[in-house]
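Undergrad: Sharing a structure with you now.
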Amino acid sequence: MTIAFQLAVFALIATSLILLISVPVVFASPEGWSGNKNVVFSGTSLWIGLVFLVGILNSLILLDSLSGGYP
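Listed below in structure tokens is the structure:
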């Protein structure tokens, strides 16, 4: 369970860094927003999904640690 949590957190951090770089590049490109809005929406949807996944996995790990699953 903790490996899945760590991978989800890593994916969230990687997606955040990619969006941090790509969104300003999209807005600065000649096509601008109209040409690249699907890319921004896809990245944002992935980021939101990862936020919820990390939250759910975190709550499961917390519940397991409270019940004595981890030393």
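Those letters in the sequence shown? Residues -28 to -1, 1 to 43, per mature numbering (1 follows the signal peptide of the UniProt record, and there is no 0), in order. Note that CB positions come from ideal geometry on N, CA and C, so glycine has one too.
1) Could you check what DSSP says for S31 in three-state terms: helix, strand or coil?
2) If you follow the alpha helix (DSSP H) that residue 55 is part of, which residue opens it and which one closes it?
3) By how many angstroms is the C-alpha of S39 removed from the C-alpha of A(-15)?
4) Spell out a yes or no on whether the region -24 to -16 and the region 26 to 34 are touching, meaning 3 or more CB-CB pairs, one atom from each, closer than 8 Å.
5) For a test of the three-state rule: what should DSSP assign to residue 57, helix, strand or coil?
6) Flag this pair as yes or no: are the beta carbons of F13 and W5 separated by less than 8 Å?
7) Less than 8 Å separating the beta-carbons of G15 and S(-7)?
TA: Result, derived from the coordinates:
1) As a working note, residue 31 is residue 59 in the sequence shown. In the three-state DSSP reduction, S31 falls in the helix class (H, G or I).
2) For residue 55 there is no data in the structure shown, the boundaries of the chain being -28 and 43.
3) Locating residue -15 in the sequence shown gives position 14, counting from the first residue. Locating residue 39 in the sequence shown gives position 67, counting from the first residue. Roughly 32 Å between the two C-alpha positions.
4) Taking 8 Å as the limit for Cβ pairs, the verdict is that the region 26 to 34 does touch the region -24 to -16.
5) As displayed, the chain neither begins before -28 nor continues past 43, which places residue 57 out of reach and without an answer.
6) Looking up residue 13 in the sequence shown gives position 41. Looking up residue 5 in the sequence shown gives position 33. In this structure, F13 lies away from W5, with their beta-carbon atoms at least 8 Å apart.
7) The residue you call residue 15 lines up with position 43 of the sequence shown. The residue you call residue -7 lines up with position 22 of the sequence shown. Their beta carbons are under 8 Å apart, which means G15 touches S(-7) by this criterion.
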